[in-house]
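**Q** Chains Z and V, in that order, are what the protein sequence lines are. All residue numbers in the first sequence are consecutive under the numbering used here, ending with 272. All residue numbers in the second sequence are consecutive under the numbering used here, ending with 494. All residues carry an ideal CB built from backbone N, CA and C; glycine is no exception.
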Amino acid sequence: MMKRIALALLLVLVCSTLASAEDLTADQILKKADDVINASKNLATHIRMTVVDADGTQKVREIKAWQQDGMRMVKFLQPASDRGISLLSTDSETNYVYLPAYKRVRRVASHVRNQTFMGTDFSQEDMAVTRYADDFTPELTGQDDKYYMLKLTRKPGSKVSYSRLDFTIAKDHFVIKTLVYYDNNGNKLKTEERSDVRQFKGKYWVFMNIVMTSAKDGHQTRMDMLSYEYDIDLASDFFTERTLKRPVR
Amino acid sequence: MRLRFALAALLLLCVAVVAAAQENLEITGYVETDNRMTIESDRESTFNYNENTLAMIFKAWPADRVTIYGSFQLDAIGLDERLGDDQITIGQQQDRAEVDPVRLELDEAYLEINGLWLRNLDVRIGKQRIAWGTGDQFNPTDNLNPDDMHDPLQFGRKLASPAVRATYYAGPVTITGVVVPLFDPVLLPQTDIRPIFEAMFETMADEFAIDTGDPALDVIFKGMMIDAIKGASIGEVNVHSKLPSRAAKNANAGVRVSGTVGTVDLSASYAYVRDDFGVPKRITMNVAPLSTGMKIVDEIDLDVEQRFPRMQVIGADFATQIPLLDVGFWGEAAYYIPERMTTEYYLDAGSLNALLSTFADEDFDQGLVIAEDEPLDENYIKAVTGVDYTFPGSWYVNAQYIRGLPNDNTAEAVDNYAFGGVDKPFFHDTVKPRVFSGVCFDDESWVLYPQVFFYPLDSVELHAGAFLVFGEVDTKFGAFGDDLAFLRAKVSF
Numbered sequence: 024m025m026k027r028i029a030l031a032l033l034l035v036l037v038c039s040t041l042a043s044a045e046d047l048t049a050d051q052i053l054k055k056a057d058d059v060i061n062a063s064k065n066l067a068t069h070i071r072m073t074v075v076d077a078d079g080t081q082k083v084r085e086i087k088a089w090q091q092d093g094m095r096m097v098k099f100l101q102p103a104s105d106r107g108i109s110l111l112s113t114d115s116e117t118n119y120v121y122l123p124a125y126k127r128v129r130r131v132a133s134h135v136r137n138q139t140f141m142g143t144d145f146s147q148e149d150m151a152v153t154r155y156a157d158d159f160t161p162e163l164t165g166q167d168d169k170y171y172m173l174k175l176t177r178k179p180g181s182k183v184s185y186s187r188l189d190f191t192i193a194k195d196h197f198v199i200k201t202l203v204y205y206d207n208n209g210n211k212l213k214t215e216e217r218s219d220v221r222q223f224k225g226k227y228w229v230f231m232n233i234v235m236t237s238a239k240d241g242h243q244t245r246m247d248m249l250s251y252e253y254d255i256d257l258a259s260d261f262f263t264e265r266t267l268k269r270p271v272r
Numbered sequence: 002m003r004l005r006f007a008l009a010a011l012l013l014l015c016v017a018v019v020a021a022a023q024e025n026l027e028i029t030g031y032v033e034t035d036n037r038m039t040i041e042s043d044r045e046s047t048f049n050y051n052e053n054t055l056a057m058i059f060k061a062w063p064a065d066r067v068t069i070y071g072s073f074q075l076d077a078i079g080l081d082e083r084l085g086d087d088q089i090t091i092g093q094q095q096d097r098a099e100v101d102p103v104r105l106e107l108d109e110a111y112l113e114i115n116g117l118w119l120r121n122l123d124v125r126i127g128k129q130r131i132a133w134g135t136g137d138q139f140n141p142t143d144n145l146n147p148d149d150m151h152d153p154l155q156f157g158r159k160l161a162s163p164a165v166r167a168t169y170y171a172g173p174v175t176i177t178g179v180v181v182p183l184f185d186p187v188l189l190p191q192t193d194i195r196p197i198f199e200a201m202f203e204t205m206a207d208e209f210a211i212d213t214g215d216p217a218l219d220v221i222f223k224g225m226m227i228d229a230i231k232g233a234s235i236g237e238v239n240v241h242s243k244l245p246s247r248a249a250k251n252a253n254a255g256v257r258v259s260g261t262v263g264t265v266d267l268s269a270s271y272a273y274v275r276d277d278f279g280v281p282k283r284i285t286m287n288v289a290p291l292s293t294g295m296k297i298v299d300e301i302d303l304d305v306e307q308r309f310p311r312m313q314v315i316g317a318d319f320a321t322q323i324p325l326l327d328v329g330f331w332g333e334a335a336y337y338i339p340e341r342m343t344t345e346y347y348l349d350a351g352s353l354n355a356l357l358s359t360f361a362d363e364d365f366d367q368g369l370v371i372a373e374d375e376p377l378d379e380n381y382i383k384a385v386t387g388v389d390y391t392f393p394g395s396w397y398v399n400a401q402y403i404r405g406l407p408n409d410n411t412a413e414a415v416d417n418y419a420f421g422g423v424d425k426p427f428f429h430d431t432v433k434p435r436v437f438s439g440v441c442f443d444d445e446s447w448v449l450y451p452q453v454f455f456y457p458l459d460s461v462e463l464h465a466g467a468f469l470v471f472g473e474v475d476t477k478f479g480a481f482g483d484d485l486a487f488l489r490a491k492v493s494f
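(1) When you compare each of T68(V), I176(V) and D430(V) to E462(V) by their alpha carbons, which one comes out closest?
(2) For T390(V), which residues does DSSP report across the bridge?
(3) Please classify K213(Z): does DSSP put it in a helix, a strand, or coil?
(4) Counting only Cβ-Cβ distances shorter than 8 Å, please list the residues of the segment 325–341 of chain V near chain Z, keeping chain order.
(5) Tell me which same chain residues have a C-beta within less than 6 Å of the C-beta of D349(V), skipping the five on either side of it?
(6) Kindly indicate the opening and closing residues of the beta strand (DSSP E) around A465(V).
(7) For F99(Z), count neighbouring Cβ atoms within 10 angstroms of its own Cβ and tell me buried if that reaches 16, exposed if not.
(8) Going straight from the alpha carbon of R254(V) to that of Q222(Z), what length do you get?
(9) Whole-angstrom Cβ separation of D108(V) and A164(V), contact assumed at under 8 Å?
(10) What does T391(V) touch in chain Z if you count any residue whose Cβ is under 9 Å from its own?
(11) Which residue comes first and which comes last in the alpha helix (DSSP H) that contains G92(V)?
(12) Within a Cβ cutoff of 8 Å, which residues of the same chain sit near S446(V), ignoring the five residues on either side of it in sequence?
(13) Name the two residues that bound the continuous alpha helix (DSSP H) containing T68(V).
(14) Starting from P216(V) and walking both ways along the alpha helix (DSSP H), at which residues does that stretch end?
(15) With Q129(V) as the anchor, note down where its beta strand (DSSP E) starts and where it stops.
(16) Taking the beta strand (DSSP E) that M57(V) falls in, what are its first and last residues?
(17) What residue range does the alpha helix (DSSP H) around R97(V) cover?
(18) Where D366(V) and F468(V) are concerned, what is the direct C-alpha to C-alpha distance, given to the nearest angstrom?
(19) Kindly list, in the order they appear in chain Z, the residues whose Cβ is closer than 8 Å to that of R435(V).
(20) By the 10 Å Cβ neighbour count, where 16 or more other Cβ atoms means buried, how is V100(V) classified, buried or exposed?
(21) For chain Z, is any of its Cβ atoms less than 8 Å away from the one on D266(V)?
(22) Name the residue from I176(V), L357(V), N140(V) and D76(V) whose alpha carbon lies nearest to the alpha carbon of E509(V).
(23) What separation, rounded to the nearest whole angstrom, lies between the Cα atoms of N251(V) and V180(V)?
(24) Find out if the Cβ-Cβ distance for the pair L202(Z), L212(Z) is shorter than 8 Å.
(25) What's the gap between the Cα of V274(V) and the Cα of P281(V)?
(26) Specify, as a first and last residue, the run of the beta strand (DSSP E) that V183(Z) falls within.
(27) If I follow the unbroken beta strand (DSSP E) through E371(V), where does it start and stop?
(28) Counting C-beta neighbours from all protein chains within 10 Å, is the total for E333(V) 16 or more, i.e. buried, or is it exposed?
(29) Alpha carbon to alpha carbon, what distance is there between S268(V) and A412(V)?
(30) From which residue to which residue does the alpha helix (DSSP H) around F198(V) run?
(31) Taking just the CA atoms, how far does I323(V) sit from G136(V)?
(32) Spell out the partners DSSP gives D114(Z) in its beta bridges.
(33) Rounding to the nearest angstrom, what Cα-Cα distance links D143(V) and D76(Z) in this structure?
(34) Ignoring anything shorter than 4 residues, give me the alpha helix (DSSP H) runs that lie fully in the segment 129–165 of chain Z, in order along the chain.
(35) Please confirm whether S146(Z) and S181(Z) have their CB atoms less than 8 Å apart.
(36) Could you spell out the range, first to last residue, of the alpha helix (DSSP H) harbouring T266(Z)?
Dropping the structure here:
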């Protein structure tokens with residue numbers, strides 16, 4: 024008897040959980056996904072990107088990136104020819120690049136978001152996004168036991184390059200598992216698939232691998248997250264030109 | 002000398018090997034070969050430049066807030082250094098330094114301490130590049146390092162200087178102070194300098210006059226020499242410059258304040274420096290009169306004594322993006338206040354000096370001034386403004402208007418230019434063609450610089466292209482010399 028009651032209670036609990044999940048609106052789902060991305064005070068990552076050319080040649084890029092409150096610092100480690108190049112973004116329209124060969128910090132306008140990131144299938148813009156709800160209006164297009172499917176349409180006035188994004192978001196932790204990018208004409212540009220989702224410090228959900236595949240030619244870039252550091256002690260002037268110019272160690 | 006290079010290289014290599022095991026040391030660098038040939042229409046193209054470089058960069062962090070930086074390169078220099086010499090002696094052939102010349106260059110070597118005395122104060126001491134300004138490649142406010150004009154393909158580059166630099170980060174404002182104790186002149190290209198002085202001679206020829214104090218004599222000697230030298234050709238040109246003394250008062254110094262107002266980065270600067278190109282102080286025309294015939298002057302040798310005059314440079318720059326369009330927009334201007342200096346054109350007529358002295362009351366044994374010019378009698382402005390944008394498909398476009406290139410060092414010499422370029426990567430940044438062009442509006446000379454970069458593997462760069470010059474030899478771009486084709490290969494490690 025007790026067993027039956029327990030099972031009944033469990034069933035009620037599961038059903039109520041599912042019902043509450045099903046009740047989430049597209050905006051709420053996207054907000055939760057954005058919150059997962061921005062869960063920590065700040066974040067430092069060490070990333071390896073492997074580009075596979077059509078002839079099978081592999082090119083490896085390695086960066087260290089720090090982000091906090093919408094600000095972002097990136098320092099290039101590999102290849103050797105790019106080592107020391109650093110990028111600083113303090114908001115969507117204020118970007119700087121430090122080129123060691125020229126010993127000069129140059130301000131770069133936000134048109135650089137159209138450029139590829141180090142010859143990978145990622146653009147500068149892909150690497151900088153922290154909150155999708157700022158630029159897109161979501162629409163819930165479907166769901167199954169594990170995932171929500173969202174269609175994101177660019178908001179009027181937004182400067183992002185993509186007219187539409189299709190998301191698959193995991194129901195259990197709200198990590199975005201797949202992203203499909205579309206150009207201004209509605210043509211599919213590329214697909215980003217994230218895997219090996221893990222939890223850090225018992226509260227931060229992350230993915231360890233990403234594969235970005237170009238719809239045009241099947242060209243791929245694999246991104247491996249070599250390390251994550253959360254809630255680190257960054258100096259108050261970390262996201263400044265002073266740090267930008269310092270050699271990476 | 003070669004032994005010194007070898008020992009220096011060996012020492013650095015030993016340091017590198019020993020230190021490589023250290024966690025707080027990083028060694029990077031590259032190997033590059035650079036080959037060029039002139040482009041001639043009549044199958045007369047010549048290989049005129051070959052340089053093979055091993056460059057190494059050391060960074061070390063011996064303490065928490067201390068960085069040591071050093072970069073040097075060993076250059077095996079080929080054809081470039083042998084221009085104009087088709088003879089080699091047996092003795093030279095027995096000397097490896099002559100047959101296989103190698104050059105060691107120390108690019109930068111400095112120590113930087115972050116948070117010295119004050120948390121927000123960084124101090125850098127040693128040979129260093131001090132890059133000021135927001136212009137792309139052309140920076141009129143950037144005057145603390147000497148210009149490096151050695152290579153036309155790297156026009157606008159500067160050499161590092163021994164200096165002390167202090168940078169204080171006061172919140173949104175950054176204040177930089179620099180002292181460069183020792184003056185270094187420009188590094189010049191290996192092109193023929195004669196056209197510059199021929200043009201100067203022609204410009205001034207109408208001003209030539211003799212003033213002995215006796216009008217009758219002036220008429221006689223004007224007919225004998227002045228009119229004659231106007232039609233003479235220029236023979237040898239010997240240019241030498243007097244360096245400022247090592248006195249502390251001759252140090253260069255500058256201060257720059259930068260910050261952001263709204264969405265615009267702004268800076269203001271002041272530099273108390275020297276013109277590193279030099280300005281002629283005295284141009285002596287050595288005339289060897291012919292003893293017979295109507296034409297008494299056949300050829301004139303010029304002896305040019307230059308000075309590096311002081312100048313004050315008040316500068317300002319900005320960088321931002323044009324709202325809504327996302328177009329990069331920058332500008333930089335500098336007001337140059339040069340030390341006033343007179344250029345004297347001296348006539349040294351050899352044996353006629355004594356004759357002249359005999360008839361006149363003055364002693365003209367060393368020659369006499371026949372003209373004066375004041376090339377630095379006016380202050381002048383140099384400026385740059387430019388825009389850039391990346392169109393969809395990664396088409397990058399950059400355009401700049403420039404008033405005054407680095408070597409435009411008098412008010413009269415400052416010309417107006419436009420530079421522009423476009424590049425577009427293909428095959429996921431494996432191939433990147435670029436076309437770059439510049440024009441001088443004042444003399445209508447221009448350059449075209451088509452290039453292609455190829456990155457077949459990580460850290461491998463192949464770079465081929467041409468540097469095409471359009472203009473007479475006495476124009477701004479025509480002075481670069483022959484059209485060039487080049488091929489470079491570079492591997493970084």
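**A** To lay it out plainly:
(1) Here residue 462(V) corresponds to residue number 461 of the second sequence, with the count starting at 1. Of T68(V), I176(V) and D430(V), the residue nearest in Cα terms is D430(V).
(2) Within the second sequence, the letter at position 389 stands for residue 390(V). In the sequence on display, residue 390(V) carries Tyr and not Thr. The partner list for Y390(V) (beta bridge, DSSP) reads V398(V).
(3) Here residue 213(Z) is taken as the residue at index 190 of the first sequence, counted from 1. Three-state DSSP puts K213(Z) in a strand.
(4) D327, V328, G329, F330 and W331
(5) Position 348 of the second sequence, counting from 1, holds the residue named residue 349(V). Here the set comprises T285, N287 and G368.
(6) Here the question's residue 465(V) lines up with position 464 in the second sequence. Start and end: V461 to F471.
(7) As a working note, residue 99(Z) is residue 76 in the first sequence. With 16 or more other Cβ atoms within 10 Å, it is buried.
(8) Locating residue 254(V) in the second sequence gives position 253, counting from the first residue. Locating residue 222(Z) in the first sequence gives position 199, counting from the first residue. The question names Arg, yet the displayed sequence has Ala at residue 254(V). The alpha-carbon atoms of A254(V) and Q222(Z) are separated by roughly 55 Å.
(9) On the second sequence, residue 108(V) is found 107 positions in, with the first residue counted as 1. On the second sequence, residue 164(V) is found 163 positions in, with the first residue counted as 1. Contact flag wrong, Cβ pair sits at about 14 Å.
(10) The residue labelled residue 391(V) in the question sits at position 390 within the second sequence. The contacting residues are A132, H134, V135, R136, N137 and Q138.
(11) Here residue 92(V) is taken as the residue at index 91 of the second sequence, counted from 1. G92(V) -> alpha helix (DSSP H) spans I91 to Q94.
(12) For the purposes of this step, residue 446(V) is taken as residue 445 along the second sequence, with counting starting at 1. The residues are V440, V470, F471, G472, E473, T476, K477, F478 and G479.
(13) The count along the second sequence starts at 1 and reaches residue 68(V) at position 67. It is not in any alpha helix (DSSP H) - T68(V) instead sits in the beta strand (DSSP E) that spans V67 to I78.
(14) For the purposes of this step, residue 216(V) is taken as the residue at position 215 of the second sequence. Element bounds for P216(V): P216 to F222.
(15) In the second sequence, the residue the question calls residue 129(V) occupies position 128. Q129(V) -> beta strand (DSSP E) spans L122 to Q129.
(16) In the second sequence, residue 57(V) corresponds to position 56, counting from 1. Taken as a continuous stretch (DSSP letters only), the beta strand (DSSP E) holding M57(V) covers F48 to A64.
(17) In the second sequence, residue 97(V) corresponds to position 96, counting from 1. Here the alpha helix (DSSP H) through R97(V) covers R97 to V100.
(18) Along the second sequence, read from residue 1 onward, the residue named residue 366(V) stands at position 365. Along the second sequence, read from residue 1 onward, the residue named residue 468(V) stands at position 467. Cα to Cα, the separation comes out at about 49 Å.
(19) To locate residue 435(V), count along the second sequence from 1; it is residue 434. What R435(V) touches in chain Z: nothing, since even the nearest Cβ is about 14 Å away.
(20) Position 99 of the second sequence, counted from the first residue, corresponds to residue 100(V). Exposed is the call here.
(21) In the second sequence, the residue the question calls residue 266(V) occupies position 265. So yes, D266(V) belongs to the interface.
(22) Residue 509(V) is absent from the structure shown; chain V starts at 2 and stops at 494.
(23) Position 250 of the second sequence, counting from 1, holds the residue named residue 251(V). Position 179 of the second sequence, counting from 1, holds the residue named residue 180(V). Cα-Cα distance, rounded: 11 Å.
(24) Here residue 202(Z) refers to the residue found at position 179 when the first sequence is read from its first residue. Here residue 212(Z) refers to the residue found at position 189 when the first sequence is read from its first residue. Going by C-beta atoms, L202(Z) is not nearer than 8 Å to L212(Z).
(25) As a first step, residue 274(V) is located in the second sequence; it is residue number 273 there, counting from the start. As a first step, residue 281(V) is located in the second sequence; it is residue number 280 there, counting from the start. Cα to Cα, the separation comes out at about 18 Å.
(26) Taking the first residue of the first sequence as position 1, residue 183(Z) is located at position 160. Unbroken run through V183(Z): none, as it is neither H nor E.
(27) The residue labelled residue 371(V) in the question sits at position 370 within the second sequence. At residue 371(V) the sequence reads Ile, which differs from the Glu that was named. That run of the beta strand (DSSP E) goes L369 to D374.
(28) For this step, residue 333(V) is matched to residue 332 along the second sequence. Burial call: buried.
(29) On the second sequence, residue 412(V) is found 411 positions in, with the first residue counted as 1. On the second sequence, residue 268(V) is found 267 positions in, with the first residue counted as 1. Rounded to whole angstroms, A412(V) to S268(V) spans 24 Å at the Cα level.
(30) In the second sequence, residue 198(V) corresponds to position 197, counting from 1. That run of the alpha helix (DSSP H) goes R195 to M205.
(31) The residue labelled residue 136(V) in the question sits at position 135 within the second sequence. The residue labelled residue 323(V) in the question sits at position 322 within the second sequence. Going from the Cα of G136(V) to the Cα of I323(V) covers about 16 Å.
(32) The residue you call residue 114(Z) lines up with position 91 of the first sequence. Bridge partners of D114(Z): T117(Z).
(33) The residue you call residue 143(V) lines up with position 142 of the second sequence. The residue you call residue 76(Z) lines up with position 53 of the first sequence. Near 41 Å, if we compare the C-alpha coordinates of D76(Z) and D143(V).
(34) 147–151
(35) As a first step, residue 146(Z) must be located in the first sequence, where it is residue number 123. As a first step, residue 181(Z) must be located in the first sequence, where it is residue number 158. It is not a contact, given that the beta carbons lie outside the stated cut-off.
(36) One-based indexing of the first sequence puts residue 266(Z) at position 243. Its alpha helix (DSSP H) spans residues E264 to K268.
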